[in-house]
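Engineer:
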Amino acid sequence: MTPRAEPLFAPDAAAGGGGLSEADLVLLSAYLDGELEGAEREALAGRIEREPALKAEYQALRASHDVLIAAARPEVSALPAPSESFAAFGSRLSRALPDEVPVAEALQPSWFRRIFLVGLCAFGGLLALLLVGRFVDKMGGPKPSGWALNSPGAKVKFIREGRVMNADGFEHFLAGDELLVDAQASVLVQGPVGVKVTASGPAKVSFWPGEVHLEEGRLAVEGTGMAARDSFFVRTPDGDVRANGDEEHFQFEVATQPAVPAP
Amino acid sequence: MDASPEPASRRDPRAGLAASAMFDAAGATDEALLSRLAEGKGRETALPELFARHGDKALRLAHNILGDWHASEEAVQDAFLRVAEKAHLWRGDASFNTFFTKLLVNVCRSRRRRGHDVLAKGKVTGSPSKMLGGVAASSRITDIARQMQAEELRRTVRGALEKLPEKFREVLVLRELEGLDYKTIAEIQDATLDEVRIWIYRGRQRLRAILEGREEEFFE
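If you read the protein sequences in the order shown, they are chains W and Y. Per numbering that gives the first Met the number 0, the first sequence starts with residue 0, numbered consecutively. Per numbering that gives the first Met the number 0, the second sequence starts with residue 0, numbered consecutively.
#1: Can a CB atom of chain Y be found closer than 8 Å to the CB of W/S20?
#2: Suppose you measure from the CA of W/F115 to the CA of Y/K56; what does that come to, to the nearest Å?
#3: Along the chain, where does the beta strand (DSSP E) that runs through W/V163 open and close?
#4: Residues of chain Y with CB closer than 8 Å to the CB of W/F85, please, in chain order.
#5: List the residues of chain Y that W/V25 touches, going by C-beta distances under 7 Å, in chain order.
#6: Within 10 angstroms of its Cβ, does W/S82 collect 16 or more other Cβ (buried), or is it exposed?
#7: For the candidate residues Y/G178, Y/K182, Y/L58, whose alpha-carbon lies nearest to that of W/H64?
#8: Could you check what DSSP says for W/K156 in three-state terms: helix, strand or coil?
#9: Who are the neighbours of W/L116 on chain Y, taking C-beta pairs under 9 Å?
#10: Would you decide whether Y/N105 is buried or exposed? Buried here means 16 or more other CB atoms lie within 10 Å of its CB.
#11: What are the boundary residues of the alpha helix (DSSP H) that includes Y/D193?
#12: With burial defined as no fewer than 16 other Cβ atoms inside 10 Å of the residue's Cβ, what is the status of W/G18: buried or exposed?
#13: With a threshold of 8 Å, are at least 3 pairs of Cβ atoms found where one atom belongs to the region 63-70 of chain Y and the other to the region 36-54 of chain Y?
#14: Residues in its own chain within less than 6 Å of W/L53 by CB, not counting five upstream and five downstream?
#15: Is it buried or exposed, W/G118, if we count other Cβ atoms within 10 angstroms and call 16 or more buried?
#16: Taking DSSP as the reference, what is the three-state secondary structure of Y/T97?
#17: Which same chain residues, not among the five before or five after W/N165, have their C-beta less than 7 Å away from its C-beta?
#18: Assuming W/S37 is part of the alpha helix (DSSP H), what are its boundary residues?
#19: Which term fits Y/R98, buried or exposed, when burial requires 16 or more other beta carbons within 10 angstroms of its beta carbon?
#20: Closer than 8 Å, CB to CB, is W/E50 near chain Y or not?
#21: Whose CA, out of Y/I199, Y/L176, Y/I184, Y/V156, lies closest to the CA of Y/G212?
#22: Please report how far the alpha carbon of W/M138 lies from the alpha carbon of W/A121, in whole angstroms.
#23: Helix, strand or coil, according to DSSP, for Y/D77 in the structure here?
#24: Considering only C-alpha positions, which residue in the set W/G89, W/G33, W/G123, W/A71 is nearest to Y/E150?
#25: So that I know if they touch, is there some Cβ in chain W lying closer than 8 Å to that of Y/A93?
#26: Rounded to a whole number of angstroms, what is the C-alpha to C-alpha distance between Y/R203 and W/A62?
#27: Rounded to a whole number of angstroms, what is the C-alpha to C-alpha distance between Y/L210 and W/L67?
#28: Applying the 10 Å Cβ sphere with the 16-neighbour rule, what's the burial state of Y/E169?
In structure tokens:
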């Protein structure tokens, strides 16, 4: 299954009407926040003056912005005072911490230390490459390029070259494999290859790195060989939603609705 | 205990701290205090000082996301504990505010998912669309708002915010209620500027639709 290729913006703005594209409206929103600069800002300001539909949308956007600010930005005086327990938390902070917390390495190691570390890393990397190479050569066949880990009791299957296989706990997969995940599964897929995952319900799928697409009640995941710092999206009918930004890993939790059967 | 002026460096706020045997937390920058924590020091000076400086402001942000005062206090306390645990990950490339806000938003997000916040459990009563009488014309939002009592309007808009998807709600709170710029929001959300632009726009559109009783448009 190939992920649906969606444009970055919807072609027509649902609320805006008047032939405005979503790209126009996104710009308008940024303009309202003073987040456009230079030529982009000048061009949009000119268009607002010339195009009645754009001007009306700008005014509506500004009105709802003003209402939100007025209603939801709390007056400091209207907020309750922090509890005594909260106010005293500062003095209790050090006791609340665990005895040992992680410590950063020194920022500026000596040149000798830097050279030593670089040499050590290079040696370690070379050794690892040799070992992995020998291991893979011994195994023969295609080289494993990632792994998937599913929660106990969950049903995860692989389709590889037309054959369906059960995945037990820790499983190597290959580029082109397809994973079928049941609704209860919690799956972690890791590896920069193009493996596809299909979930039949509200499964929890962590994929790193990769993209997630939600289509008609099915969750489809496809790796695209991106680097670890690239962007990850959950695309839903409601728009693009960024993955949760957890520092240790990226996790997607998408509760899907069952597909509506044809009448 | 530390007790002398901190030689905070603007270029590298962590530079020189290791050599500093004495430390004046009150005179140090936020980033110097964070550096102290990154080195495994200052848990009795730097951390309480950061809490004293930013605790109340953090409480307001947590309240804007969670909507419950007690849950917000717990979230802020949790976030400050995480500052000490995560300080070693800071590389001096972001301000303390950005580093801490990211931690706090993550803590609030986790709490919401675990159902700790009051608003998400449905204690806000009344549908915004009903309260607005189903009036759909966006240009009339301000007229409708003027007809409502301040508290009613506040609850209505809060209720509408609660209905937004998590990401839209977070960026709107950071932008509209905290007044952060897009670049800072992008750093906090670990996103690009384009993504932030789109989320803020879509959050606004969705919020407007909810207030106008058109939210079903997004769920068809």
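Where is the CB? At the ideal position from N, CA and C, for every residue including glycine. Predicted model only: the values in this text are computed from it and were never measured.
Structural biologist: Inspection of the coordinates gives the following:
#1: no
#2: Straight through space, the alpha carbons of Y/K56 and W/F115 are spaced by roughly 45 Å.
#3: 162-165
#4: G54, L58, E72, V75, Q76
#5: Correct list: R196, I197, Y200.
#6: Under this definition W/S82 is an exposed residue.
#7: Put simply, of Y/G178, Y/K182, Y/L58 the residue whose alpha carbon is nearest the alpha carbon of W/H64 is Y/G178.
#8: Strand, per DSSP.
#9: Within 9 Å Cβ-Cβ: nothing; W/L116 doesn't reach chain Y, min ~17 Å.
#10: buried
#11: In the DSSP assignment, Y/D193 falls within the alpha helix (DSSP H) that extends over 192-210.
#12: Its Cβ having fewer than 16 others within 10 Å, W/G18 is exposed.
#13: No, they do not touch.
#14: R46, I47
#15: Exposed, because fewer than 16 other Cβ atoms sit within 10 Å of the Cβ of W/G118.
#16: helix
#17: K156
#18: It is worth fixing the name first, because residue 37 of chain W is Gly in this sequence and not Ser. Start and end: 37-49.
#19: Reading off the sequence shown, one finds Phe at residue 98 of chain Y, where the question assumed Arg. It counts as buried.
#20: Using a Cβ-Cβ cut-off of 8 Å, W/E50 does not count as an interface residue toward chain Y, since no Cβ of chain Y sits closer than that to its own.
#21: Y/V156
#22: Confidence is the limiting factor: at W/M138 the pLDDT is only 45, short of 50, which leaves the residue's position unreliable and the question unanswerable from this model.
#23: helix
#24: Taking the Cα of Y/E150 as reference, the smallest distance to any Cα among W/G89, W/G33, W/G123, W/A71 is reached at W/A71.
#25: no
#26: 11 Å
#27: 10 Å
#28: buried
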